[in-house]
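All remarks here apply to the structure that follows.
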Amino acid sequence: MAERGFVEEGVWVSLDAARFSAARPALLLDRDGVLVEEVGYLRRPEDVRLAAGAVDILKMARTNGVPSIVLSNQSGLARGLMDWDDYFDVEAEIARQLAQSGCSLDATFVAPFHPGYTPGYSERHANWRKPGAAMYVLAAEKLNLDLASSWAIGDKDSDMEAARQGGLAGAIHLLTGHGGEHRARALKVATPEFPVLPADDLVEAMSLLKKSFPALSGGTWGA
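If you want the numbering used here, it's the 1-based position in the sequence shown plus 3.
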């Protein structure tokens, strides 16, 4: 069931869930400043701190049969501030802390690119890196997700734009991480068809999702 490896231009994919037989909605989260506290190019396991509400929101998703998936830009890899071993060590620590609290992620997708540091940076790299939506499309293909019924959570306007381009139902913008400096731009991404809801943190995001994300309130999908 588990799948680990690089695809396309070097996007990292980690799957811990099997492909669903019927398309289902998902909760798609950014990592730094959302799932874990922002420290600036997180590269040391000892710096990993789960964000307030992270465990509860993942448990809520799991209880309702909604997969929780992380999609993350990791430009620190392109910048040479960390290597893949650093990244894997951090991911192992995140998984350990989540497991210790009785929850887990279903998949993780990573775009390790930056226009100023990736050799031969092209439109294809840009599509993978948020605000591009290619990671959302790949997640949907790998797991059979219904993106039109899915929601995203992020702290940057690029998270909101990627979710909008990916055809998601909506997104929640947090003030954690880089949220304060991105709030105004993030809310401007909203359209009549794509709401962007403001929240202080994941705790408040949970309340908003219960009202806006039907799959997280009815348990339609089972465990």
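From the three backbone atoms N, C-alpha and C, an ideal C-beta is built for every residue, glycine too.
Reduced DSSP category for residue i - H, G, I as helix; E, B as strand; rest coil
i             : result
serine 210    : helix
valine 93     : helix
aspartate 35  : strand
leucine 205   : helix
histidine 176 : strand
valine 192    : coil
arginine 27   : strand
leucine 169   : Checking the sequence, you will find glycine at residue 169 rather than leucine. Glycine 169 falls in the coil class under three-state DSSP.
Close beta carbons around residue i, own chain, < 6 Å, minus the five adjacent residues each side
i           : result
leucine 101 : Ser107
alanine 193 : Val199
alanine 143 : Leu150
alanine 64  : Leu30 and Ser71
Reference residue i, options the options, closest by Cα
i               : options                          : result
lysine 159      : Ala110, Glu207, Asn76 and Ser152 : Asn76
glycine 157     : Lys145, Ala54 and Gly182         : Gly182
phenylalanine 9 : Arg82, Met138 and Arg46          : Met138
glutamate 196   : Ser152, Met63 and Lys133         : Ser152
aspartate 19    : Lys191, Phe216, Thr111 and Val51 : Thr111
alanine 174     : Gly180, His185, Ala26 and Asp162 : Asp162
Where residue i falls, given that 16 or more other Cβ within 10 Å makes a residue buried
i            : result
serine 71    : buried
arginine 167 : buried
serine 220   : exposed
glutamate 49 : exposed
leucine 25   : One point to set straight first is that residue 25 is alanine, not leucine, in the sequence displayed. By the 10 Å Cβ count, alanine 25 comes out exposed.
Cross-strand partners of residue i (DSSP beta bridge)
i         : result
serine 17 : Arg7 and Thr111
serine 75 : Val113
Close Cβ partners of residue i (< 7 Å) along its chain, the five nearest in sequence each way excluded
i             : result
valine 113    : Val14, Trp15, Ser75 and Gln77
histidine 117 : Ser78, Ala81 and Arg82
8 Å Cβ shell around residue i - same chain, five flanking residues per side excluded
i          : result
leucine 53 : Leu38, Val39, Glu40, Ile97, Gln100, Leu101 and Ser104
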